[in-house]
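Below is one structure, written out as structure tokens; the observations come after it.
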Amino acid sequence: MLSLRLDPDLERLLERDVDDLARYNILRYLHDNPEIRGDVAFFADHLGLRALDRVEEALDALARCGLLAKLQSDVGHAHRYRLSGDPAAVRAVDGLYQLSS
């Protein structure tokens, strides 16, 4: 049996903040495309996610925990999201990405 020892901070992140596939896929996409800023519809379309309310919930949860930045849109009341510029958040997302490689 293979036993993996995760960094405790990474393990907490997976248990608390990145606890579903939609959140993980959003972070993976932004890790690969760090210049991207998109709204709920953008992420739903690019990641093949159908339920917009679930996508918005995932984006908001990732913003609340500091992994994403939530930006006010220039148009209307929609928000755009991008990967956080916080060094600790960047390291956490890099750590998650390393797990998938």
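Counted the way the numbering used here counts, the sequence shown spans residues 587 to 687. For every residue, glycine included, the Cβ atom is placed at its ideal position computed from N, Cα and C.
In this structure, DSSP gives HIS663 a state outside helix and strand, which the three-state scheme calls coil. Collapsing the DSSP output to three states places GLY681 in a helix.
ALA678 sits close to LEU599, with the two beta carbons spaced by under 7 angstroms. In this structure, ALA675 sits away from ALA644, with a CB-CB distance that is not shorter than 7 angstroms. According to the DSSP assignment, ALA647 belongs to the alpha helix (DSSP H) that extends over 638–650. Within the segment 607–634, the complete alpha helix (DSSP H) segments of 4 residues or longer fall at 607–618, 626–633, listed in chain order. DSSP, read as helix, strand or coil, puts LEU669 in strand. Counting the other CB atoms within 10 Å of its CB gives ALA647 a total of 16 or more, which places it among the buried residues. When the alpha-carbon of LEU657 is set against those of ASP625, ASP680, GLU597, the nearest one is in ASP625.
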